[in-house]
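Peer 1: Once you've had a glance at the structure underneath, I'll fire off some questions.
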Ligand code: ADP
Ligand code: MG
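Numbering (our numbering), first residue to last: 1209 to 1390.
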């Protein structure tokens, strides 16, 4: 089994090589899920570094008044908060060079969290960038409120046989890839 660090390098590199543009209709199973579960507040991420593209999803959801879209903001103490962000609202550059909404927007707790992924396995374990931001926020939100649903977004080629885990790693409820929702 490869270490988290080795896996990260390998899978980030691999994603760059195998990246492809996602078609709008690939999001259908996810939209159906959002409708069926009557999701009102969904947090996404703004794609960078060959991450699975979420911009089309923001565009689709913008047309639906019943679902609010949110983006994470990194706070000073290395925690995160989610705030409202609609496709084409302004964005700022944070200390990591990532785009995020204006800091003073009010905190909103999502009922569905879409999580970016470097690699995943069939047990729905997730490997991230190695900073543990999502592990911390999921621990805070999901363990307190198990009704909050988590879905990892990734290309199907990001699957690995078994992701090494620590006691801080929070498993996801579902994985969504271009092949569907699992
Ligand atoms: P990632 O989830 O981004 O792939 P890791 O799982 O390797 O990253 O976690 C990165 C670091 O954050 C690790 O040192 C881990 O122990 C720490 N960490 C994660 N969640 C928590 C938590 N809830 N409390 C304290 N430290 C945490
Ligand atoms: Mg982790």
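By construction, the Cβ of each residue, glycine as well, lies at the ideal position given by its N, Cα and C atoms.
Note that the coordinates shown come from a computational prediction; the quantities given were computed from them, not determined experimentally.
Out of 1389, 1284, 1330 and 1296, state which residue places its alpha-carbon closest to the alpha-carbon of residue 1302.
Peer 2: Residue numbering aside, residue 1302 sits at position 94 when the chain shown is read from its first letter. Out of 1389, 1284, 1330 and 1296, 1284 has the C-alpha closest to the C-alpha of residue 1302.
Peer 1: Using three-state DSSP, classify residue 1347 as helix, strand or coil.
Peer 2: Here residue 1347 is taken as the residue at index 139 of the chain shown, counted from 1. Correct three-state label for residue 1347: helix.
Peer 1: When we look at the beta-carbon of residue 1273 and count the other beta-carbons within 10 Å, is it buried (16 or more) or exposed?
Peer 2: Within the chain shown, the letter at position 65 stands for residue 1273. Flag for residue 1273 reads exposed.
Peer 1: With C-beta atoms as the reference, is residue 1379 less than 8 Å away from residue 1331?
Peer 2: By one-based count along the chain shown, residue 1379 stands at place 171. By one-based count along the chain shown, residue 1331 stands at place 123. Cβ atoms of residue 1379 and residue 1331: closer than 8 Å.
Peer 1: I'd like to confirm something about residue 1336: is its beta-carbon nearer than 7 Å to some heavy atom of the ligand MG, or not?
Peer 2: Looking up residue 1336 in the chain shown gives position 128. Flag set: Cβ of residue 1336 near the ligand MG.
Peer 1: Closer than 7 Å by C-beta to residue 1239: which residues in its own chain qualify, once you throw out the five before and the five after it? Chain order, please.
Peer 2: Within the chain shown, numbered from 1, the residue matching residue 1239 stands at position 31. Once the five neighbours on either side are set aside, the close Cβ partners of residue 1239 are 1268.
Peer 1: Let me know the secondary structure DSSP gives residue 1314 once reduced to three states.
Peer 2: Stepping through the chain shown from its first residue, residue 1314 is reached at position 106. Per DSSP, reduced to three states, the secondary structure at residue 1314 is coil, with no helix or strand assignment.
Peer 1: State the Cα-Cα distance for the pair residue 1351 and residue 1227, rounded to the nearest angstrom.
Peer 2: If you number the chain shown from 1, residue 1351 lands on position 143. If you number the chain shown from 1, residue 1227 lands on position 19. Straight-line Cα distance between these residues: approximately 33 Å.
Peer 1: Return the CA-CA distance between residue 1386 and residue 1213, expressed in angstroms with no decimal places.
Peer 2: The count along the chain shown starts at 1 and reaches residue 1386 at position 178. The count along the chain shown starts at 1 and reaches residue 1213 at position 5. About 26 Å.
Peer 1: Answer yes or no: the CB of residue 1360 versus the heavy atoms of the ligand MG, is any distance below 7 Å?
Peer 2: Translated into positions along the chain shown, residue 1360 becomes position 152. Incorrect: residue 1360 has no Cβ contact closer than 7 Å to the ligand MG.
Peer 1: Quick check on residue 1236: does DSSP put it in helix, strand or coil?
Peer 2: Locating residue 1236 in the chain shown gives position 28, counting from the first residue. Residue state, collapsed to three classes: helix.
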